[in-house]
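K.L.:
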Amino acid sequence: DTGVSQNPRHKITKRGQNVTFRCDPISEHNRLYWYRQTLGQGPEFLTYFQNEAQLEKSRLLSDRFSAERPKGSFSTLEIQRTEQGDSAMYLCASSGGRRGNGGYTFGSGTRLTVV
Amino acid sequence: DQQVKQNSPSLSVQEGRISILNCDYTNSMFDYFLWYKKYPAEGPTFLISISSIKDKNEDGRFTVFLNKSAKHLSLHIVPSQPGDSAVYFCAASGGLTGANNLFFGTGTRLTVIP
Chain Y
1364 DTGVSQNPRH
1374 KITKRGQNVT
1384 FRCDPISEHN
1394 RLYWYRQTLG
1404 QGPEFLTYFQ
1414 NEAQLEKSRL
1424 LSDRFSAERP
1434 KGSFSTLEIQ
1444 RTEQGDSAMY
1454 LCASSGGRRG
1464 NGGYTFGSGT
1474 RLTVV
Chain Z
33 DQQVKQNSPS
43 LSVQEGRISI
53 LNCDYTNSMF
63 DYFLWYKKYP
73 AEGPTFLISI
83 SSIKDKNEDG
93 RFTVFLNKSA
103 KHLSLHIVPS
113 QPGDSAVYFC
123 AASGGLTGAN
133 NLFFGTGTRL
143 TVIP
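As given, the protein sequences belong to chains Y and Z, one line each in that order.
Just so you know, we're using the working numbering here: the first sequence kicks off at 1364 and counts up by one.
Just so you know, we're using the working numbering here: the second sequence kicks off at 33 and counts up by one.
1) My parser needs the beta strand (DSSP E) runs of 3 or more residues fully inside the stretch 1406-1460 of chain Y; what are they?
2) Taking all protein chains shown into account, decide if PRO1406(Y) is buried (16 or more other Cβ within 10 angstroms of its Cβ) or exposed.
3) For a contact defined as C-beta to C-beta under 9 Å, what are the partners of LEU78(Z) on chain Y?
4) To the nearest whole angstrom, what separates the beta carbons of SER1458(Y) and ARG1394(Y), a pair I think is in contact under 8 Å?
5) For the stretch 56-64 of chain Z against the stretch 34-42 of chain Z, are there 3 or more C-beta pairs whose distance is under 8 Å?
6) Tell me, please, whether the CB atom of TYR1411(Y) is closer than 8 Å to any CB atom in chain Z?
7) Kindly indicate if chain C contains any beta-carbon less than 8 Å away from that of GLU1415(Y).
8) Within the 8 Å Cβ cut-off, does ASN133(Z) reach chain Y?
9) Ordered along the chain, which non-local residues of its own chain (more than five positions away) have a Cβ less than 7 Å from that of TYR1467(Y)?
10) VAL110(Z) to ALA124(Z), Cα distance in whole Å?
11) Please check if any C-beta of chain Z sits within less than 8 Å of the C-beta of ASP1426(Y).
12) Identify the continuous beta strand (DSSP E) that holds LEU107(Z) and give its terminal residues.
13) Under the assumption that THR1383(Y) contacts THR1439(Y) (Cβ atoms under 8 Å), give the Cβ distance between them as a whole number of angstroms.
14) To the nearest angstrom, report how far apart PHE1408(Y) and PHE136(Z) are at their CA atoms.
15) Please state the DSSP three-state secondary structure of ASP87(Z).
16) Are the C-beta atoms of ASP1371(Y) and some chain Z residue less than 8 Å apart?
17) Cβ of LYS88(Z) within 8 Å of Cβ of ALA118(Z)?
18) My understanding is that THR138(Z) touches GLN1404(Y), with C-beta atoms under 8 Å, so please give their C-beta distance in whole angstroms.
19) Of all the options SER101(Z), ALA73(Z), PHE78(Z) and GLY92(Z), which has the alpha carbon lying nearest to the alpha carbon of LYS86(Z)?
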């Protein structure tokens, strides 16, 4: 297993366009998380899946954002009608057990630039 | 509001010496704390964690100390090596926010000088 994979690594889009990112977690992990990181800040929680169920969403996740995890495997994060404020690094992470086991495994992220 | 704070944006240490990175939190309900290391163009990598029932956890060159009364934790790296140069994030979870999401600090950039 090569860890958490995110595609694309970079995305440049015009304001108003829709974008979709993909995350492939570690195969045996049932929990998947999306975080967003802007310059000079730490990652901020967006949403969390256990298997295919989306169990938690941050208020940062406006109605332009939607995340799915069909069949409890890979996940997609879609942003509709992108705005310049959406420019950030979008990080996906997965974990397989109780949090005491040592935290998440993060992917390398998708850097979104909205021009 | 920033519930986890890292007030030092950067730290420089000579190779072989001790690096001490600090983190403060405001939410007394947090009960699990982690440190992550991040290299450029990579995602954060888990380093070490500590539960609130402990005040110290050690893993090789890395030790995390937790002072619950002060709502403060620190990461000690001894001895520091040039490969430790990275951004270090403190994170916390627990309480009403649940165990499933982490609150991160803004990071401290550590530079270990050879």
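In this text, a Cβ means the ideal position worked out from N, Cα and C, and glycines have one as well.
P.N.:
By the coordinates alone:
1) 1407-1413, 1416-1420, 1428-1431, 1438-1442 and 1451-1458
2) buried
3) Sequence inspection shows Phe at residue 78(Z); the Leu mentioned does not correspond to that position. Near PHE78(Z) (Cβ distances below 9 Å), the residues of chain Y are GLY1465, GLY1466, TYR1467, THR1468 and PHE1469.
4) 5 Å
5) yes
6) yes
7) No chain C is part of this structure, whose protein chains are labelled Y and Z.
8) yes
9) TYR1396, ALA1456, SER1457 and SER1458
10) 23 Å
11) no
12) 104-109
13) 6 Å
14) 9 Å
15) coil
16) The residue you asked about is not Asp; residue 1371(Y) is Pro in the sequence shown. False, the Cβ-Cβ gap to chain Z never drops below 8 Å.
17) no
18) 6 Å
19) SER101(Z)
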